[in-house]
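Keeping their order, the protein sequence lines are chains A and B.
By the working numbering, the letter at position 61 of the first sequence is numbered 61, and the numbering carries on one by one without gaps.
To get the working numbering, take the position in the second sequence, counting from 1, and add 100.
Below: one structure, written as structure tokens.
Number of protein chains: 2
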Amino acid sequence: MFSELDPLLHSALRLAVMSVLLGVESADFVFLREQTGATAGNLSVQLDKLAKAGYITVEKCFRGKMPRTVCRMTATGRDAFAAYVAALETYIRK
Amino acid sequence: MFSELDPLLHSALRLAVMSVLLGVESADFVFLREQTGATAGNLSVQLDKLAKAGYITVEKCFRGKMPRTVCRMTATGRDAFAAYVAALETYIRK
DNA sequence: TAAAGTAGTTTATTTTATAAACAAAAAAAT
DNA sequence: ATTTTTTTGTTTATAAAATAAACTACTTTA
Numbered sequence: 001m002f003s004e005l006d007p008l009l010h011s012a013l014r015l016a017v018m019s020v021l022l023g024v025e026s027a028d029f030v031f032l033r034e035q036t037g038a039t040a041g042n043l044s045v046q047l048d049k050l051a052k053a054g055y056i057t058v059e060k061c062f063r064g065k066m067p068r069t070v071c072r073m074t075a076t077g078r079d080a081f082a083a084y085v086a087a088l089e090t091y092i093r094k
Numbered sequence: 101m102f103s104e105l106d107p108l109l110h111s112a113l114r115l116a117v118m119s120v121l122l123g124v125e126s127a128d129f130v131f132l133r134e135q136t137g138a139t140a141g142n143l144s145v146q147l148d149k150l151a152k153a154g155y156i157t158v159e160k161c162f163r164g165k166m167p168r169t170v171c172r173m174t175a176t177g178r179d180a181f182a183a184y185v186a187a188l189e190t191y192i193r194k
């Protein structure tokens, strides 16, 4: 009847992060914070969860002397997002 | 950028309940439990929340001597559901 | 060199979702 | 007739999640 909604994606902030990453090759921490309007702390936690699930990669490097965190969606993440949208449709079909 | 997702609807079970009620004039507790696959306890709690938000009405009557709980979606609920779907689309637009 | 900004992480708090336990009556079985 | 099971739920307890607040460490600016 109703498909299960992947709990990792069923969160406004994590879904927003995935939505942003879906449209770009990569995005850094600050960009994601701006796009999502999240606090840094919340974003940090949610990025960890997405990374642990293998939905995104998180790479820490330096831009000059400042730390920089670059995120990218993985193929697994893309699949999970598509599955989540498909599952949602079982709830909101007309 | 991203619209806020009504926290009352951003829950698999409450969304499923709303989805069922959207398609019928009314539905009783047992029917909703069957359709959603939820436990009675969980369903009871979530119906209360939806009722307190004014998204559904919950009417308790008797069918013979057995208690019966009948739920219906309100106009407010219908609007909230539509708004939730519209907000979702800001996350999953292609 | 002191203050403020950048880029985050860690910890704590509040909410939420969910299941487990309970209740009260009816129906069925022995 | 009385024990057991089923129905129809509610209440309570627990586990998980979301979020914000506090903190760290380093850099830039006044």
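Ideal placement from N, C-alpha and C gives every residue a C-beta, glycine not left out.
Predicted, not measured: the structure shown is a model, and the values here were computed from it.
Asked                                                                                                                                                                          : Found
Among the candidates A:Phe-2, A:Ser-26, A:Met-18, whose CA atom is the shortest distance from the CA of Ile-192 (chain B)?                                                     : A:Met-18
What does the alpha-carbon distance come out to for the pair Thr-36 (chain A) and Phe-102 (chain B)?                                                                           : 7 Å
For the beta strand (DSSP E) that Val-130 (chain B) lies in, which residues bound it at each end?                                                                              : From DSSP, Val-130 (chain B) is part of no beta strand (DSSP E) but of the alpha helix (DSSP H) over 129-136.
Would a C-beta distance cut-off of 7 Å place Val-70 (chain A) and Glu-59 (chain A) closer than the cut-off?                                                                    : yes
Measure the C-alpha to C-alpha separation of Met-66 (chain A) and Glu-89 (chain A) and round it to an integer number of angstroms.                                             : 43 Å
Tell me which same chain residues have a C-beta within less than 8 Å of the C-beta of Thr-74 (chain A), skipping the five on either side of it?                                : Gly-54, Tyr-55, Ile-56, Thr-57
Could you tell me whether any Cβ in chain B is nearer than 7 Å to the Cβ of Tyr-55 (chain A)?                                                                                  : no
I'd like the ranges of any alpha helix (DSSP H) spanning at least 4 consecutive residues and lying wholly in the stretch 11-70 of chain A.                                     : 12-22, 29-36, 40-52
Can you tell me which of the three DSSP states Arg-193 (chain B) falls into?                                                                                                   : coil
At least one CB of chain B closer than 7 Å to the CB of Ala-16 (chain A): is that the case?                                                                                    : yes
Among all the DSSP beta bridges, which residues are the ones paired with Met-73 (chain A)?                                                                                     : A:Ile-56
For Ala-187 (chain B), I'd like the list of residues in its chain whose CB is within less than 6 Å of its CB, leaving aside the five on either flank, ordered along the chain. : Ser-103, Leu-105
Within 10 angstroms of the Cβ of Ala-112 (chain B), are there 16 or more other Cβ atoms? Answer buried if so, exposed if not.                                                  : buried
Can you tell me whether Ala-82 (chain A) is buried or exposed? The criterion is at least 16 other CB atoms within 10 Å of its CB, across all chains shown.                     : exposed
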